[in-house]
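Chemist:
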Amino acid sequence: MALPSADEQWMLELVNRIRVDPDGELGRLLTSLNPLTAVDPEVQSALDYFGVDSTALQQNFAALTAVQALAWNSGVNEAATGHNNLMISQNTQSHQLPGENSLLTRVQDTTPEFINSVGENVYLYGESIEYSHAGYVIDWGFTSTGIQQPAGHLLNMTSGDFNMAGIAVGTSQVGEVSSTQNFITTNDVGPFILGVAFDDSDGDGFYDAGEGLGGVTVSVNGISTTSWASGGYQIELLSGGTYIVTFSGGGLTSDISTTITVGSANRKIDLALLGNDDTEVLLVRDDGDFDGIDAVGGSTPTEPETPVTPPPTTGTEGTDASEILEMTEGNDTVFAFGGNDIVWGFAGADLIYGNTGTDLIYGNTGLDTLYGGRDTDTIYGGRQEDIVYGNLEDDIIYGNLEADLMYGGQGADIMYGGQGNDTLLGNRDFDILRGNLGDDFLIGGSGNDTLIGGSGADHFYISQDFDIAADFNGNEGDRVAVTGSGVSIQGNSQSVTLIGDTGSIMIEGIGFDQFDSDNWIVFV
Numbered sequence: 144m145a146l147p148s149a150d151e152q153w154m155l156e157l158v159n160r161i162r163v164d165p166d167g168e169l170g171r172l173l174t175s176l177n178p179l180t181a182v183d184p185e186v187q188s189a190l191d192y193f194g195v196d197s198t199a200l201q202q203n204f205a206a207l208t209a210v211q212a213l214a215w216n217s218g219v220n221e222a223a224t225g226h227n228n229l230m231i232s233q234n235t236q237s238h239q240l241p242g243e244n245s246l247l248t249r250v251q252d253t254t255p256e257f258i259n260s261v262g263e264n265v266y267l268y269g270e271s272i273e274y275s276h277a278g279y280v281i282d283w284g285f286t287s288t289g290i291q292q293p294a295g296h297l298l299n300m301t302s303g304d305f306n307m308a309g310i311a312v313g314t315s316q317v318g319e320v321s322s323t324q325n326f327i328t329t330n331d332v333g334p335f336i337l338g339v340a341f342d343d344s345d346g347d348g349f350y351d352a353g354e355g356l357g358g359v360t361v362s363v364n365g366i367s368t369t370s371w372a373s374g375g376y377q378i379e380l381l382s383g384g385t386y387i388v389t390f391s392g393g394g395l396t397s398d399i400s401t402t403i404t405v406g407s408a409n410r411k412i413d414l415a416l417l418g419n420d421d422t423e424v425l426l427v428r429d430d431g432d433f434d435g436i437d438a439v440g441g442s443t444p445t446e447p448e449t450p451v452t453p454p455p456t457t458g459t460e461g462t463d464a465s466e467i468l469e470m471t472e473g474n475d476t477v478f479a480f481g482g483n484d485i486v487w488g489f490a491g492a493d494l495i496y497g498n499t500g501t502d503l504i505y506g507n508t509g510l511d512t513l514y515g516g517r518d519t520d521t522i523y524g525g526r527q528e529d530i531v532y533g534n535l536e537d538d539i540i541y542g543n544l545e546a547d548l549m550y551g552g553q554g555a556d557i558m559y560g561g562q563g564n565d566t567l568l569g570n571r572d573f574d575i576l577r578g579n580l581g582d583d584f585l586i587g588g589s590g591n592d593t594l595i596g597g598s599g600a601d602h603f604y605i606s607q608d609f610d611i612a613a614d615f616n617g618n619e620g621d622r623v624a625v626t627g628s629g630v631s632i633q634g635n636s637q638s639v640t641l642i643g644d645t646g647s648i649m650i651e652g653i654g655f656d657q658f659d660s661d662n663w664i665v666f667v
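Numbering follows our numbering, with no gaps: position 498 of the sequence shown is 641.
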């Protein structure tokens, strides 16, 4: 069986991401719809070059509905690889090259299953895996809207008819990413429980090449398999039903399970290691809550059968023991009290207090307000605009999606903004603030802090003490914000230091002669 490479697994995950959660895809690729602003600068160049029309793009996506994730098919992959290699050798992008059989014949020749229908996407000139994916789903081209008409690549990727795929990724003669995606419909196999096991080293909550966890055992009601070197796995079921899915071995500290109901379509469950402490979680990707946590560290969470929204002055109370507290789909308030607690917010605008103990808090969906409490906590905001307070001790805070407001509080905190235009305030002590994607505001507060904006036009604020801006990029619109009546500048060929009324900040990687008054903003 031909298994996917890391890049092929990555592209399969991107395909399945838009299939199971089409509503969230534009928000992952773009930071603004008007004007169209891409996360990836190279994608932005393509949007500008083709003149992609925002209204037409949104209309294409509005017509999409969630469909099943695709299982891997090694025979289809063999056909895709043969065609991809031929495109590379002939340096020609085409669905059928001279002397080559038709798409259906090629796939039939390598695939033992009976094929009801087939589709194909090809791209010889991708700047990267993510750029190629954006090209397929946006479907840019030389038309009046800058989008191919019809958007055939997007329609192939999101067709509910297909249930399996084979993807080939290679390198073109000029060093660009060449890819061929073949999709099929077959009734001979399936349904599958499938997914990927990965160590989320970059903190984006999604698989990237090189993050795969091989050798993890996945068991479904007595049927088991082992995750591939790429991290992917799949188990074919004999029929639909309710199944317990368990991940074990492969370096996991304990078994971790969840329960899932399968009908006639494939279901997708991912295993991820999150945060600096590699917290083991399961994410059921196709349940309408793509980024929501469904199990942690061997637990099998079940939501209350009757969701109840408590009044504002009361809430669910934990105990002084270590426990798992699960909210409802309503607007919940929970007090974890003592113990090392795990708290799931689920949907709704939740208010969660970790209080004492080393807590793990997930806001999930909804406009949440999360308080870590008195000890060292790990907090995940979730999918919408959240407010997160680390409070005391050394906390790890993830804003995740949308525009979050994050306060580190006391302690040496590590904060990740994630997607969205976030505001990160380290407050006291020596903090590390990472804006990640979006146009972020980074305010270190007291203590010698390290500020890392990531992509986007970020603002680095001089606050108290001496801070370091580690990735300042004026070409992306980054600015230093200074409070007071003026600023003095010192520097050399390697760095620039700005000294304001309240503190100073050193800009690494930019010479004194490259920095001028356009690179800072003064607030009086």
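C-beta: ideal position from N, C-alpha, C; glycine also.
Beta-carbon separation of Val-339 and Glu-379 under 9 Å?
Modeler: The answer is no: Cβ separation not under 9 Å.
Chemist: For His-296, tell me which candidate among Trp-283, Asn-306, Leu-395 has the shortest Cα-Cα distance.
Modeler: Among Trp-283, Asn-306, Leu-395, the Cα nearest to that of His-296 is on Trp-283.
Chemist: Out of curiosity, what's the CA-to-CA distance linking Ser-647 and His-276?
Modeler: Roughly 42 Å separates the two Cα atoms.
Chemist: Measuring CB to CB, does Ala-696 end up less than 9 Å from Glu-263?
Modeler: The question about residue 696 has no answer, for the chain in this structure spans 144 to 667.
Chemist: At what residue ranges does the segment 209-271 contain a whole run of the alpha helix (DSSP H), taking only runs of 4 or more?
Modeler: Those alpha helix (DSSP H) runs which fall completely within the segment 209-271 and span 4+ residues are 217-233, 246-253.
Chemist: Three or more C-beta pairs under 8 Å: does that hold for the segment 187-196 against the segment 150-168?
Modeler: No: the two stretches stay apart, fewer than three of their Cβ pairs being nearer than 8 Å.
Chemist: Can you look up Val-186 in the DSSP assignment and give me helix, strand or coil?
Modeler: Here Val-186 sits in helix by DSSP.
Chemist: Under 9 Å between the Cβ atoms of Ile-399 and Val-427?
Modeler: Going by C-beta atoms, Ile-399 is not nearer than 9 Å to Val-427.
Chemist: The beta strand (DSSP E) that contains Ser-175, what's its start and end?
Modeler: Note, Ser-175: beta strand (DSSP E), 173-176.
Chemist: In the DSSP assignment, what are the bridge partners of Leu-576?
Modeler: Answer by DSSP bridge pairing, in chain order: Met-558, Leu-594.
Chemist: Identify whether Asn-364 lies in helix, strand or coil by the three-state DSSP scheme.
Modeler: The answer is coil: DSSP assigns Asn-364 none of H, G, I, E or B.
Chemist: Within its chain, find whatever has a CB closer than 8 Å to the CB of Leu-172; leave out the 5 residues flanking it on each side and keep chain order.
Modeler: If we look at Leu-172 and ignore the five residues flanking it on each side, its Cβ neighbours are Ala-181, Val-182, Asp-183, Val-186, Ala-277, Val-280, Ile-281.
Chemist: Please confirm if the segment 315-332 is in contact with the segment 351-363, defined as three or more CB-CB distances below 8 Å between the two stretches.
Modeler: With the cut-off at 8 Å, the segment 315-332 and the segment 351-363 do not touch.
Chemist: Buried or exposed: Thr-404, going by 16 or more other Cβ atoms within 10 Å of its Cβ?
Modeler: Exposed, since its Cβ has fewer than 16 Cβ neighbours within 10 Å.
Chemist: Do Val-219 and Gly-309 have their CB atoms nearer than 9 Å?
Modeler: Going by C-beta atoms, Val-219 is nearer than 9 Å to Gly-309.
Chemist: Which whole-angstrom value is the C-beta distance of Ser-407 and Gly-384, which I expect to be below 8 Å?
Modeler: Wrong, their Cβ atoms sit about 11 Å apart, outside the cutoff.
Chemist: Please list the terminal residues of the continuous alpha helix (DSSP H) segment that includes Asn-159.
Modeler: Per DSSP, Asn-159 belongs to the alpha helix (DSSP H) from 149-163.
Chemist: Can Ile-586 be considered in contact with the ligand FMN, in the sense that its beta carbon sits closer than 8 Å to one or more heavy atoms?
Modeler: For the structure depicted, the ligand FMN is absent and the ligand set is empty, with no information on it obtainable.
Chemist: If you count every other CB in all the chains shown that lies within 10 Å of the CB of Asn-216, and 16 or more means buried, which is it?
Modeler: Buried, because 16 or more other Cβ atoms sit within 10 Å of the Cβ of Asn-216.
Chemist: Can the beta-carbon of Ala-311 be found less than 9 Å from the beta-carbon of Thr-369?
Modeler: In this structure, Thr-369 does not lie closer than 9 Å to Ala-311 by Cβ.
Chemist: With burial defined as no fewer than 16 other Cβ atoms inside 10 Å of the residue's Cβ, what is the status of Phe-433: buried or exposed?
Modeler: Buried, since its Cβ has 16 or more Cβ neighbours within 10 Å.
Chemist: Per the DSSP calculation, Gly-375 is bridged to which residue(s)?
Modeler: Answer is Val-339.
Chemist: I'd like the list of long-range same chain contacts for Phe-335, defined as Cβ closer than 6 Å, with 5 residues on each side in sequence excluded.
Modeler: Ala-214, Gln-377, Glu-379, Asn-409, listed in sequence order.
Chemist: Please classify Ala-205 as buried or exposed, where buried requires at least 16 neighbouring CB atoms within 10 angstroms.
Modeler: When all chains shown are included, Ala-205 counts as exposed.
Chemist: Report the CB separation of Gly-587 from Asp-610 in whole angstroms; it is logged as a contact under 8 Å.
Modeler: Right, their Cβ atoms sit about 4 Å apart.
Chemist: Just tell me which of Phe-390, Leu-585, Asp-556, Val-158 has its CA closest to the CA of Tyr-604.
Modeler: Taking only the C-alpha atoms, the option nearest Tyr-604 is Leu-585.
Chemist: Going along the chain, which residues of its own chain have a beta-carbon closer than 6 Å to the beta-carbon of Ser-315, five neighbours each way excluded?
Modeler: Taken in chain order, the residues that qualify are Ile-231, Leu-267, Ser-321.
Chemist: Less than 9 Å separating the beta-carbons of Leu-414 and Thr-422?
Modeler: No, the pair does not count as a contact, with Cβ atoms beyond the cut-off.
Chemist: Taking all protein chains shown into account, do 16 or more other C-beta atoms lie within 10 angstroms of the C-beta of Asn-227, making it buried, or fewer, making it exposed?
Modeler: Per the 10 Å Cβ criterion, buried.
Chemist: Put Gln-291 into one of helix, strand or coil per three-state DSSP.
Modeler: Looking at Gln-291 - three-state DSSP - the assignment turns out to be coil, as it is neither helix nor strand.
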